[in-house]
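Per the UniProt record's numbering, residue 1 is the first one in the sequence shown, and the count goes up by one each step. Don't be surprised by glycine CBs; every beta carbon is placed ideally from N, CA and C. Quick caveat, the model's predicted, so the values are computed rather than measured.
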Amino acid sequence: MAVPGHRMKVLSLYKQLLRASEKFDAYNYRMYALRRIRDAFRDNKALTDSASIASELSYAQKNLEIIKRQTIVGQLYRAPDKLVIEK
C-alpha cells in the first residue's frame with residue numbers, strides 16, 4: 001500500500017489485527033486468523049489506488065471487530081485442556 005497518507009493507518013490496523021487474533025484460545029482459530037491477516041496484507045501490499053485502499057481498510061476494520069467479538073465468545077466457552085501441539 002504505497003499511498004503515504006494511508007501508511008500509518010494500514011500499519012496500525014495490521015498490528016491491531018495481529019494482537020487481537022493472538023487472543024484466540026483455540027490454537028486452530030489463532031493460527032488461521034494470523035495466516036489470513038498476513039496473507040491479505042501481503043496480497044494487497046501493491047495497491048496504489050486510494051479508493052481500493054480505503055475499501056480494504058474498511059474491510060479489515062470490520063474483520064477486526066469480528067475477531068474481537070469472537071475472542072470474547074471463545075473465552076466464554078473455553079475448552080478445559082490445551083491441544084497437544086500447544087503444550
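Q | Beta-carbon separation (whole angstroms), residue 83 vs residue 27, contact threshold 8 Å | A | Locating residue 83 in the sequence shown gives position 83, where the first residue counts as 1. Locating residue 27 in the sequence shown gives position 27, where the first residue counts as 1. About 5 Å separates the two Cβ atoms, so the contact holds.
Q) With 16 as the cutoff for other CB atoms within 10 Å, does residue 21 come out buried or exposed? A) In the sequence shown, the residue the question calls residue 21 occupies position 21. In the assembly as shown, residue 21 is a buried residue. Its beta-carbon has 16 or more other beta-carbons within 10 Å.
**Q.** Of the residues 81, 79 and 68, the one placed nearest residue 17, counting alpha carbons only
**A.** By 1-based counting over the sequence shown, the position of residue 17 is 17. Comparing C-alpha distances from residue 17 to each of 81, 79 and 68 shows the shortest one belongs to 68.
Q: Enumerate in chain order the residues of its own chain whose CB-to-CB distance from residue 85 is below 7 Å, with the five nearest sequence positions on each side excluded.
A: As a first step, residue 85 must be located in the sequence shown, where it is residue number 85. The residues 27, in chain order, have a CB closer than 7 Å to that of residue 85 in the same chain once the five nearest residues on each side in sequence are set aside.
Q. What is the DSSP secondary structure of residue 76, counted as helix, strand or coil?
A. For the purposes of this step, residue 76 is taken as the residue at position 76 of the sequence shown. Of the three classes helix, strand and coil, the one that applies to residue 76 here is helix, per DSSP.
**Q.** Exposure label - residue 51; buried when at least 16 CB within 10 Å
**A.** Counted from its first residue, the sequence shown places residue 51 at position 51. Residue 51 should be labelled exposed.
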